[in-house]
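Asker:
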DNA sequence: TACCAGGAGAAAA
DNA sequence: TTTTCTCATGGT
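In this note's numbering, the protein residues as written are 126 to 336.
(1) Using a 10 Å radius around the Cβ and a threshold of 16 neighbouring Cβ atoms, would you call residue 204 buried or exposed?
(2) Suppose contacts are defined by Cβ-Cβ distances below 8 Å. Is residue 222 in contact with residue 178 by that definition?
(3) Is residue 158 buried or exposed, if buried means 16 or more other CB atoms sit within 10 Å of its CB?
(4) Cutting at 7 Å between CB atoms, please list the residues of its own chain near residue 188, excluding the five before and the five after it.
(5) CB residue 300 to CB residue 258, shorter than 8 Å?
(6) Please report the residue range of the alpha helix (DSSP H) in which residue 203 lies.
(7) Rounded C-beta distance between residue 250 and residue 168? I'm assuming under 8 Å.
(8) For residue 307 versus residue 253, is the C-beta distance shorter than 8 Å?
(9) On the premise that residue 218 lies in contact with residue 241, defined as a C-beta separation below 8 Å, what is that separation, rounded to the nearest angstrom?
(10) Take the Cβ of residue 333 as the centre, count every other Cβ of all protein chains shown within 10 Å, and call the residue buried at 16 or more, exposed below.
(11) Rank 225, 135 and 239 by C-alpha distance to the C-alpha of residue 147 and give the top, closest one.
(12) Residue 196: which of 160, 284 and 311 sits nearest, CA to CA?
(13) Going along the chain, which unbroken runs of the alpha helix (DSSP H) with 4 or more residues stay wholly within the segment 147 to 187?
(14) Considering only residues of the same chain and omitting the five flanking positions on each side of residue 268, which have a CB-CB separation below 6 Å?
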């Protein structure tokens with residue numbers, strides 16, 4: 126909570142995950158896997174232009190057609206398959222709304238059963254698209270914990286997630302803001318962040334806090 | 001030119 | 001079981 130307050134004071138409230146629909150967030154969660162968000166935006170714009178950014182629209186595309194539309198996001202062949210896997214799952218259960226009505230852990234297990242949806246992607250969908258209190262652990266979060274000596278780097282995803290969830294009230298707005306602040310913090314140039322103390326969250330940080 | 005980005009799954013050790 | 005490899009575009 127101390128880190129959260131520090132980052133909030135430093136950066137202010139962060140707008141995050143701009144999207145018109147919950148489905149768009151789910152699609153973005155897959156497209157952003159190991160990918161710069163600006164490239165994801167290009168792919169989402171192409172899907173919108175093709176009038177395909179909804180469940181039926183994506184399901185109507187062939188893997189090759191979808192791959193071509195999302196090409197700017199990188200890894201387009203594999204992400205095309207992953208998106209279609211997710212769409213088929215959502216169609217089979219009755220859409221995102223059906224997912225929202227399930228107990229959280231059941232919804233999470235369902236998403237994780239989809240080939241191409243891992244822990245972070247599933248939790249992005251639960252928190253940002255479905256407004257459920259699930260803390261997202263990404264590369265930046267791990268790096269932040271490591272560089273502030275709050276984690277060894279060997280903890281599992283769920284160990285870290287439960288750590289945040291135990292320490293914070295179960296409020297989706299708080300989880301979203303915290304995650305957004307971590308990403309904002311990570312994007313600050315080295316030594317320019319008030320929280321860096323000589324180190325930022327960049328991979329090539331000269332302070333070399335990582336083990 | 002080289003590095004990096006809001007991962008995940010398969011293959012290899 | 002753990003580590004390594006593969007997937008790829010675009011900005012800096």
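Backbone N, C-alpha and C fix where the C-beta goes; we use that ideal spot for every residue, glycine too.
Answerer: To lay it out plainly:
(1) Buried.
(2) In terms of Cβ geometry, residue 222 and residue 178 do not form a close pair [threshold 8 Å].
(3) By the neighbour-count rule (16 or more Cβ atoms within 10 Å), residue 158 is buried.
(4) 205, 206 and 209, listed in sequence order.
(5) Yes. Within cutoff.
(6) Unbroken alpha helix (DSSP H) run through residue 203: 201 to 218.
(7) About 17 Å separates the two Cβ atoms, so there is no contact after all.
(8) Not closer than 8 Å, so no.
(9) Actually they do not touch by this definition, with Cβ atoms about 16 Å apart.
(10) Any reading at residue 333 must be qualified, since the residue scores a pLDDT of 45, below 50, and its modelled position is unreliable; the value itself is stated next. With fewer than 16 other Cβ atoms inside 10 Å of its own Cβ, residue 333 counts as exposed.
(11) Nearest option by C-alpha distance: 225.
(12) When C-alpha distances from residue 196 are compared across 160, 284 and 311, the shortest belongs to 160.
(13) When DSSP assignments are scanned along the segment 147 to 187, the uninterrupted stretches of alpha helix (DSSP H) that are 4 or more residues long and fall wholly within it turn out to be 147 to 156, 162 to 174 and 180 to 184.
(14) Closer than 6 Å at Cβ, skipping near neighbours: 326.
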